[in-house]
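Engineer: Sequential numbering of the sequence shown, starting at 1, is according to the UniProt record's numbering.
In this text, a Cβ means the ideal position worked out from N, Cα and C, and glycines have one as well.
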Amino acid sequence: MKIIFLILSLIYFSNALEIPSEENKKEEIILKDNKKIKIFGENLFNGEFSKSSQHRYNPDYLLNISDTINLKLWGAVDLDMKLTIDEQGNIFVPKVGAIKLLGVANKDLSEKIKKRLQKTYKDNVYIYANLDNFQPISVFVSGGAVKPGLYEGLSSDSILQFIDKAKGIAQNGSFRNISVLRDNNIISNVDLYQYLLNGRLDLLQFKTGDIINIEYLKGYITVDGDVQKPLKIETNGYLTINTIAKLVQPYTEASDIIISKFDISNEKTLNMYSINDKEVKVEANQHVKFVSNNNTKTIEIKIDGEHNGLKNIVVKKGTTLQELISTLNFSELSSKENINLYRQSVAKLQKELIDASLQELESSVLKTGSITTEESTIRVQEASSVLDFIKRAKEVEPKGRVVLNKNSDFSQIVLEDEDKIFIPKRNHVVTVQGEVKIPSSLSFVEDMSLENYLEQCGGLSSRADEDNILVIKQDGNVTTYDNSVFSNQIITIEPGDSVLVLGKLDSKSIPIIKSITQILYQIAVGAGVLVRL
Numbered sequence: 001m002k003i004i005f006l007i008l009s010l011i012y013f014s015n016a017l018e019i020p021s022e023e024n025k026k027e028e029i030i031l032k033d034n035k036k037i038k039i040f041g042e043n044l045f046n047g048e049f050s051k052s053s054q055h056r057y058n059p060d061y062l063l064n065i066s067d068t069i070n071l072k073l074w075g076a077v078d079l080d081m082k083l084t085i086d087e088q089g090n091i092f093v094p095k096v097g098a099i100k101l102l103g104v105a106n107k108d109l110s111e112k113i114k115k116r117l118q119k120t121y122k123d124n125v126y127i128y129a130n131l132d133n134f135q136p137i138s139v140f141v142s143g144g145a146v147k148p149g150l151y152e153g154l155s156s157d158s159i160l161q162f163i164d165k166a167k168g169i170a171q172n173g174s175f176r177n178i179s180v181l182r183d184n185n186i187i188s189n190v191d192l193y194q195y196l197l198n199g200r201l202d203l204l205q206f207k208t209g210d211i212i213n214i215e216y217l218k219g220y221i222t223v224d225g226d227v228q229k230p231l232k233i234e235t236n237g238y239l240t241i242n243t244i245a246k247l248v249q250p251y252t253e254a255s256d257i258i259i260s261k262f263d264i265s266n267e268k269t270l271n272m273y274s275i276n277d278k279e280v281k282v283e284a285n286q287h288v289k290f291v292s293n294n295n296t297k298t299i300e301i302k303i304d305g306e307h308n309g310l311k312n313i314v315v316k317k318g319t320t321l322q323e324l325i326s327t328l329n330f331s332e333l334s335s336k337e338n339i340n341l342y343r344q345s346v347a348k349l350q351k352e353l354i355d356a357s358l359q360e361l362e363s364s365v366l367k368t369g370s371i372t373t374e375e376s377t378i379r380v381q382e383a384s385s386v387l388d389f390i391k392r393a394k395e396v397e398p399k400g401r402v403v404l405n406k407n408s409d410f411s412q413i414v415l416e417d418e419d420k421i422f423i424p425k426r427n428h429v430v431t432v433q434g435e436v437k438i439p440s441s442l443s444f445v446e447d448m449s450l451e452n453y454l455e456q457c458g459g460l461s462s463r464a465d466e467d468n469i470l471v472i473k474q475d476g477n478v479t480t481y482d483n484s485v486f487s488n489q490i491i492t493i494e495p496g497d498s499v500l501v502l503g504k505l506d507s508k509s510i511p512i513i514k515s516i517t518q519i520l521y522q523i524a525v526g527a528g529v530l531v532r533l
């Protein structure tokens, strides 16, 4: 498949960004989960509850039809047997007769049987009785469950187990408004936030035909900003800032909160409060953002890679990259001329650009038409592959790599808070990969040309695109080399370079192929991220 071939080229391209040698620190793949804010409690149901049944002792459990009783008699009579409560609610004991147990509390089981036995055996008969097995039942789960339906369990199972069997609560389902119905009457109301926050859960004895009805979500408060756990918190009324803060755990630098809401005329209003105003009420369907308004005069910089100094330092706001470099304690192995800079604001911008390109590509794929049936089949297969690529590419979080040119004036680059400086190791390895016969990491030789390195890897493969050979420098700069017979281009190979030979792309969808190539370049070079698809 031509699209599959393209994706393989992507893998080669992304790998070429960092030299996979033992001497150089590798950057790991960053594939973060979708950043959508989850509702509080979403991780409660993951299949663990449904794996077990409740064989616990419950003194208040009321015996029911099909329950099994262990009965032991000794003394004047020896008897050891298991008895099942029949449809009439009785067990039958030889030489004693029927004993009605339906509706008897578990704690009263032995005493109930003992009183009946004493009518037959006056002396020297001792008894031990316990509930051996609970009644199997079937319970309906309805409403806002992922998979509403009829589920089997035991009468002693908790409501958590039955909801878990229904694959949990759907995105539009409520964790706080759950009712249990029996004969069309509500016998219990359950708020799972009481379980999540306080560990409280009322135990209920279920019967066949009971219905667990999960109401649909009516309101929630969205919380994000400078917090450890961005959440949607379900509520029909209001929550205080104090309660919200306990759930989302604000960072220590958070100083204020911004509450946004829409009024009757659908206009957005904003109100700011101090984080210490703990009793401020936030109503359902409002948005809370924790922010830091502290006016700091210093910023934090992370120093990573090959050096002998501190990994985290604090400098004055306005410090330039040149000033910082002059204070670094380089080691003998530091590659000072190939320093890398990573910046959060750049990462955010790169993410926006990548997402915009992916959106445009997705639109192009879905609009592409076909003339013949054969072409239509090919288009469907290609579209599936491209859409899968788009889905994966959307998960990539750029690192915000700023490519520093050798002629750049570092005294003009002002550092930002949480910038990361990466200092590579010096090495004498040249990596060649992609469409060559034997991809290899080769030792650097002073006068060897790019063609020499390609020859040492067995030469180009039959699918190599001689017009698109990329040379990626250790500082992130990329040069495209044309190896065709009509080219007189000369390129100098340096220690730490990575050479990637792209493959020829054979597709009728040239605009789509160009779009994918552009996105790959944005992700792999501009964002400085390793992508594996």
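#1: Between Pro250 and the rest of its own chain, which residues show a CB-CB distance below 7 Å, the 5 nearest in sequence each way excluded?
#2: Kindly identify the DSSP beta-bridge partner or partners of Leu239.
#3: Nearest by alpha-carbon distance to Ile186: which of Phe175, Lys167 and Gly209 is it?
#4: Is there contact here, the segment 431–450 with the segment 318–331, by at least three beta-carbon pairs under 8 Å?
#5: When the Cα atoms are used, what is the spatial distance from Asn271 to Ile258?
#6: Which residues in the same chain as Asn308 place their Cβ atom closer than 8 Å to its Cβ, once the five residues preceding and following it in sequence are excluded?
#7: Where does the unbroken alpha helix (DSSP H) through Lys112 begin, and where does it stop?
#8: What residues in its chain sit with their C-beta under 6 Å from that of Val104, if we drop five residues either side in the sequence?
#9: When you compare only the Cα positions, how much space is there between Asn338 and Gln350?
#10: Using a Cβ-Cβ cutoff of less than 6 Å, which residues in the same chain neighbour Gln474 once the five nearest sequence positions on both sides are dropped?
#11: Which runs of the beta strand (DSSP E) fall wholly inside the segment 136–181 and span at least 3 residues, in chain order?
#12: How long is the line joining the alpha carbons of Leu470 and Gly459, rounded to whole angstroms?
#13: Taking the alpha helix (DSSP H) that Gln474 belongs to, which residues open and close that run?
#14: Which class does Val314 belong to by DSSP, given the choice of helix, strand or coil?
#15: Ends of the beta strand (DSSP E) at residue 555?
#16: Please classify Ser274: does DSSP put it in a helix, a strand, or coil?
#17: Please identify the residue among Val280, Val414, Asn340 and Asp409 whose C-alpha is closest to the C-alpha of Gly318.
#18: Could I get the ranges of all uninterrupted alpha helix (DSSP H) runs contained in the segment 179–240, with 4 residues as the minimum, in chain order?
#19: Between Phe49 and Asp78, what straight-line distance do the alpha-carbon atoms span, to the nearest angstrom?
#20: Are at least three pairs of beta-carbons, each pair with one atom in the segment 172–181 and one in the segment 190–202, less than 8 Å apart?
#21: In the DSSP assignment, find the unbroken beta strand (DSSP E) run with Glu300 in it and report its ends.
#22: Look up Ser441 in the DSSP assignment and give the residues it is bridged to.
#23: Do Leu341 and Val402 have their beta-carbon atoms positioned less than 7 Å apart in this structure?
#24: Please classify Pro59 as buried or exposed, where buried requires at least 16 other C-beta atoms within 10 Å of its C-beta.
#25: Determine, using beta carbons only, whether Asp164 and Phe40 come nearer to each other than 7 Å.
#26: Compare the beta carbon distance of Thr327 and Glu279 with 7 Å and say whether it is the shorter of the two.
#27: Would you give the residue range spanned by the beta strand (DSSP E) that Leu341 belongs to?
#28: Let's test the definition: count the other Cβ atoms within 10 Å of the Cβ of Ala76 and tell me whether it reaches 16, buried, or not, exposed.
#29: Report the option in Phe422, Thr492 and Glu418 whose CA atom is closest to the CA atom of Asn452.
#30: How should Leu454 be labelled, buried or exposed, when 16 other C-beta atoms within 10 angstroms of its C-beta is the threshold for buried?
#31: Can you give me the C-alpha to C-alpha distance between Phe389 and Lys297, rounded to a whole angstrom?
#32: On the DSSP letters alone, give me the boundaries of the alpha helix (DSSP H) that Leu321 sits inside.
#33: For Pro148, tell me which candidate among Leu131, Ser155, Ala170 and Phe410 has the shortest Cα-Cα distance.
#34: Could you name the residues that DSSP lists as bridge partners for Leu247?
#35: By how many angstroms is the C-alpha of Thr252 removed from the C-alpha of Ile65?
#36: Judging by CA-CA distance, which residue of Ala98, Val432, Lys114 and Ala166 is the nearest neighbour of Ser138?
Structural biologist: Short version:
#1: Asp226, Val227, Ile275 and Phe290
#2: Beta-bridge pairing by DSSP links Leu239 to Val282.
#3: Gly209
#4: No: fewer than three Cβ pairs fall under 8 Å.
#5: 6 Å
#6: Answer for Asn308: Asn329, Phe330 and Ser331, listed in chain order.
#7: Leu109 to Leu117
#8: Leu63 and Lys112
#9: Per the coordinates, the alpha-carbon of Asn338 lies some 22 Å from the alpha-carbon of Gln350.
#10: So the qualifying residues of the chain are Asn338, Pro424 and Gly496.
#11: Correct list: 136–143 and 149–154.
#12: 15 Å
#13: Boundaries cannot be given for Gln474, as no alpha helix (DSSP H) includes it and DSSP labels it neither H nor E.
#14: strand
#15: Here the chain has residues from 1 to 533 only, and residue 555 is not among them.
#16: strand
#17: Of all alpha-carbon atoms in Val280, Val414, Asn340 and Asp409, the one lying nearest the alpha-carbon of Gly318 is that of Val414.
#18: 192–198
#19: 41 Å
#20: yes
#21: Thr298 to Gly305
#22: Listed as beta-bridge partners of Ser441 by DSSP are Thr431.
#23: In contact: Val402 and Leu341 (Cβ atoms closer than 7 Å).
#24: The residue is exposed, with fewer than 16 neighbouring Cβ atoms inside 10 Å.
#25: no
#26: Annotated as distal: Thr327 and Glu279, with beta-carbon spacing of 7 Å or more.
#27: Asn340 to Tyr342
#28: exposed
#29: Thr492
#30: buried
#31: Spanning the alpha carbons of Phe389 and Lys297 requires a straight line of approximately 44 Å.
#32: Residues Leu321 to Ile325.
#33: Ala170
#34: According to DSSP, Leu247 bridges with nothing at all.
#35: 58 Å
#36: It is Ala166 whose Cα lies nearest to the Cα of Ser138.
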